[in-house]
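*Asks:* First to last, the protein sequences are chains A and B.
First residue of the first sequence: 1, per the numbering used here; consecutive thereafter.
First residue of the second sequence: 1, per the numbering used here; consecutive thereafter.
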Amino acid sequence: MRAMRTAFIAAGLALGLTGVLGVPGSARAAEAVHLPEVSFSHEGIFGTFDRGSAQRGFQVYKEVCAACHSMRLVSYRNLAELGFNEDEVKAIAAQYEVTAGPNDQGEMFQRPAVAADRFKSPFPNDQAARASNNGALPPDLSLMAKARVGGEKYIYGLLTGYEEAPAEVTVPDGQYYNKYFPGHLLGMPPILQPDGVTYADGTPATVEQMAHDVATFLTWAAEPNLEARKQMGIKVILFLLVFTGMMYAVKRKVWADVH
Amino acid sequence: MAAQQFKNPVVNWIDRRLPIFTMMHHEYNEYMMPRNANYWWSFGALAMVVLITMIVTGIFLAMNYTAHTSMAFESVERIMRDVNYGWLLRYIHMNGASMFFIVVYIHMFRGLYYGSYKTPRELLWMIGVVILLLMMATAFMGYVLPWGQMSFWGATVITNLFSAFPFVGDPIVTWLWGGFSVDNPTLNRFFALHFVLPFVILGVVILHVAALHVTGSNNPLGIEPKGPQDTVPFNPYLTVKDGFALGIFLIFFAAFVFFNPNYLGHPDNYIPANPLVTPAHIVPEWYFLPFYAILRAVPDKLGGVLLMFGAIAVLFVLPWLDTSKVRSTKFRPLYKPFYYILMADCVVLGYIGSQPPEGIYVLIGQLATAYYFLHFLVLTPLIGKIERPRPLPASISESVLKGGGRFPAGATAKPMEKA
Ligand code: HEM
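(1) Could you check if B:A139 belongs to the surroundings of the ligand ZN, using beta carbon to heavy atom distance under 8 Å?
(2) CA-CA distance, B:F252 and B:Y292?
(3) Roughly how many angstroms separate the alpha carbons of B:P391 and B:S217, rounded to a whole number?
(4) Just tell me which of A:A80, A:R72, A:F239, A:M108 has its CA closest to the CA of A:L143.
(5) Under a Cβ-count criterion, where at least 16 other Cβ atoms within 10 Å of its own Cβ denotes burial, should A:N178 be classed as buried or exposed?
(6) Under the three-state reduction of DSSP, which class applies to A:P24: helix, strand or coil?
(7) Nearest to B:A297 by alpha carbon, out of B:K241, B:A62, B:Y372?
(8) Using a threshold of 8 Å, is the CB atom of B:I396 nearer than that to any non-hydrogen atom of the ligand HEM?
(9) For A:A205, collect the residues of the same chain with a Cβ closer than 6 Å to its Cβ; drop the 5 residues on either side in sequence, then sort them by chain order.
(10) Against chain A, which members of the stretch 57-91 of chain B pass a CB distance test of less than 8 Å?
(11) Whether or not the stretch 217-237 of chain B and the stretch 20-32 of chain B are in contact is what I'm after, with contact meaning three or more pairs of Cβ atoms, one per stretch, closer than 8 Å; do they touch?
(12) If we call anything under 9 Å between Cβ atoms a contact, is B:L88 one with B:M141?
(13) Report the three-state DSSP secondary structure of A:E97 (helix, strand or coil).
(14) Can you say whether B:V400 is buried or exposed, counting buried as having 16 or more other CB atoms within 10 angstroms of its CB?
(15) When DSSP labels each residue in this structure, what does B:V214 get in the three-state scheme?
(16) In terms of residues, what are the limits of the beta strand (DSSP E) holding A:F109?
(17) For B:L334, collect the residues of the same chain with a Cβ closer than 6 Å to its Cβ; drop the 5 residues on either side in sequence, then sort them by chain order.
(18) For A:R260, which residues of its own chain have a beta-carbon under 8 Å away from its beta-carbon, when the five flanking residues on both sides are left out?
(19) Report whether the distance from the Cβ of B:N38 to the nearest heavy atom of the ligand HEM is below 8 Å.
(20) Using only CA atoms, which one of A:P182, A:G161, A:P166 lies nearest to A:Q192?
(21) List the residues of chain B that A:R148 touches, going by C-beta distances under 7 Å, in chain order.
(22) Terminal residues of the continuous beta strand (DSSP E) containing B:P34?
(23) Going by DSSP in three states, A:V38 sits in which element: helix, strand or coil?
(24) Pick out whichever of A:V254, A:K253, A:V236, A:Y176 has its Cα sitting closest to the Cα of B:I248.
(25) For the candidate residues B:P272, B:I294, B:F258, whose alpha-carbon lies nearest to that of A:I45?
(26) So, is the C-beta of B:I360 closer than 9 Å to a C-beta in chain A?
(27) So what does A:S75 bridge to, in DSSP terms?
(28) Which residue comes first and which comes last in the beta strand (DSSP E) that contains B:T156?
(29) If you follow the beta strand (DSSP E) that B:P146 is part of, which residue opens it and which one closes it?
(30) Chain B partners of A:K251, CB-CB under 7 Å?
(31) Roughly how many whole angstroms lie between the Cα atoms of B:M54 and B:L132?
(32) For A:A116, which residues from the same chain have a beta carbon less than 8 Å from its beta carbon, with the 5 sequence-adjacent residues on both sides left out?
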């Protein structure tokens with residue numbers, strides 16, 4: 001039984017440690033995807049979002065990705081969590097026209113978006129989205145950071161991973177060679193170009209910088225409670241350590257005359 | 001069971017009319033545990049805690065969940081984003097399912113090692129197997145509810161298995177689906193069943209514990225306690241011991257919930273279900289992987305299904321397959337290595353279940369499946385017959401106290417006094 005116990009404890013610790021240290025869950029998935037070596041401030045048990053980066057990432061989404069990709073699960077009001085104040089959020093929302101109604105006459109009408117509205121989608125439906133993208137569907141990005149093996153690292157890789165196709169691969173029209181995309185032939189053009197956006201805070205808009213920023217923003221969008229979760233986790237674990245220590249002491253005392 | 005006197009007059013008043021407090025006192029205070037039970041005996045209590053946790057978090061999730069194909073995915077995301085502490089509820093529930101299987105698999109391997117399934121605990125063990133089946137059904141249907149890609153395709157693959165049965169197969173599948181594919185009626189009935197089954201499990205667990213308290217717990221030596229010198233009362237001895245075990249377990253549990261809640265899940269389930277797009281690999285949750293490997297071990301669908309159910313059926317009749325009179329593997333030199341080989345075999349099956357069924361994996365999966373059945377159907381009966389077990393100790397207290405005990409037997413004859 002000793003061997004069994006050791007094996008279990010070792011396995012348990014290994015599983016627990018990988019769990020804690022934040023090895024991306026899906027890294028154990030069947031196909032060995034290799035991911036770019038980037039790190040993010042929200043990794044690790046004390047990780048928090050880099051607000052500046054997430055705000056810049058929102059700008060990249062708004063000015064570049066939003067031309068094709070929806071983010072249906074996120075509302076303008078959520079942006080307050082990234083450090084935008086109430087007026088800024090209202091101003092951002094007001095840049096979009098959304099369909100509302102019906103009014104008293106039974107007609108739908110256009111009005112400026114308000115903070116409570118969801119992000120406006122670029123296309124009315126999937127068919128329209130496909131029609132403008134050579135038949136490829138740009139997926140909703142709200143959960144993208146959780147819906148792919150590798151998460152934000154994969155997103156970063158995808159945006160920076162365009163390269164010349166190897167000689168033996170023929171790239172069909174409307175597709176692009178990307179070293180991180182499974183199968184390598186991606187229907188999304190290399191959309192990030194140096195200085196494609198102008199950052200208000202003066203950060204140089206290199207492709208890597210924009211990819212990193214938008215990956216941060218998308219992680220927040222997919223997991224807006226990440227910070228609250230980790231902070232609560234620290235407190236819970238500390239409490240449990242004290243609780244367990246006390247239980248151990250009590251157990252030793254109660255059993256003292258039995259052993 | 002003699003009626004108990006309680007300090008609290010209200011409790012006493014109730015107890016004289018409905019002796020539930022006497023019963024609880026009898027089952028959880030006085031219940032005599034073999035004094036040598038080790039921490040593997042804590043896993044039943046841990047399973048109980050997880051079951052209650054699942055029921056409580058599940059009820060609150062259900063208050064915010066919408067069982068409709070066009071709304072289920074979004075309603076789960078609403079829980080994650082807009083319901084106060086909804087993310088906490090969901091991550092506890094999601095990881096709790098995995099914790100449940102970890103705990104129960106260990107609980108079962110404990111029973112296997114110490115021969116807890118043998119006379120007189122056969123029925124206790126069989127009730128356990130029923131619980132396992134109910135848990136698997138519950139977990140499978142729960143995984144369908146968020147209506148992601150793996151939910152949908154997992155449900156499609158597993159329900160389709162029933163079509164393997166000749167003649168009745170297709171009608172059964174149509175009946176399960178409530179239509180001609182996995183669709184809204186399927187989701188609705190899965191939700192209803194997923195809501196009710198945990199309460200059925202709770203009922204069966206109560207039977208499980210009732211049966212346990214008739215025979216009493218087994219122990220690492222596998223010999224029956226011979227008197228009070230061999231046992232300790234459940235309270236306070238086991239309450240504090242299980243309490244400590246619970247603390248360790250909750251740290252493990254919390255590490256997943258708070259620091260890597262999606263580690264045990266599959267990213268594809270964050271993509272809304274789409275009947276027109278099949279995921280590259282459809283893999284079930286990790287706790288089904290060994291069974292999935294057995295299912296795919298034979299090229300014939302019906303054969304695979306029968307083997308998979310057979311894998312659980314052998315557990316059901318295990319008390320009669322094992323011919324050894326000795327319970328604890330400690331005293332079974334010949335059986336012991338085979339116990340560990342079986343354990344390794346289950347891990348191999350789990351790994352194979354996670355791999356695509358091609359090339360060398362197919363062969364390994366077939367060998368591992370064959371070995372699983374060989375262990376239960378051939379080795380277990382055979383070893384019991386030819387093995388010469390090591391001599392059993394005369395009593396628990398003798399065995400416990402000769403190894404460095406500080407007090408002579410009898411020091412704990414009246415252990416209640418110190419509580
Ligand atoms: C919801 C799941 C389950 C719960 C809550 C549960 C609960 C318990 C509890 C509280 C005990 C007494 C403490 C202990 O010995 O660990 C116990 C004992 C036992 N359980 Fe379970 N159990 C579950 C599932 C199972 C399964 C799936 C099996 C086997 C197929 C099983 C087989 C046994 C056996 C044989 C014992 C007696 C062990 C001994 O005395 O050595 N249980 N169970």
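Where a beta carbon is used, it is the ideal one built from N, C-alpha and C, also for glycine.
*Replies:* For this structure:
(1) You won't find the ligand ZN in this model; what it holds is the ligand HEM.
(2) 26 Å
(3) 21 Å
(4) A:R72
(5) buried
(6) Any reading at A:P24 must be qualified, since the residue scores a pLDDT of 39, below 50, and its modelled position is unreliable; the value itself is stated next. It is coil, neither helix nor strand.
(7) B:Y372
(8) no
(9) D195, V197, Y199
(10) E74, E77, M80, R81, W87, L88, Y91
(11) yes
(12) no
(13) strand
(14) buried
(15) helix
(16) 109-112
(17) I383, E387
(18) The displayed coordinates of chain A run from 1 to 259. Any statement about residue 260 of chain A would go beyond what the structure contains.
(19) no
(20) The question names Gln, but residue 192 of chain A is Leu in the sequence shown. The shortest C-alpha separation from A:L192 is found at A:G161.
(21) P267
(22) 32-34
(23) coil
(24) A:V236
(25) B:F258
(26) no
(27) A:R118
(28) Unbroken run through B:T156 is the alpha helix (DSSP H), 149-160; no beta strand (DSSP E).
(29) Segment: none, B:P146 is in no beta strand (DSSP E) and carries neither H nor E.
(30) V240, K241, F244
(31) 15 Å
(32) S75, Y76, R77
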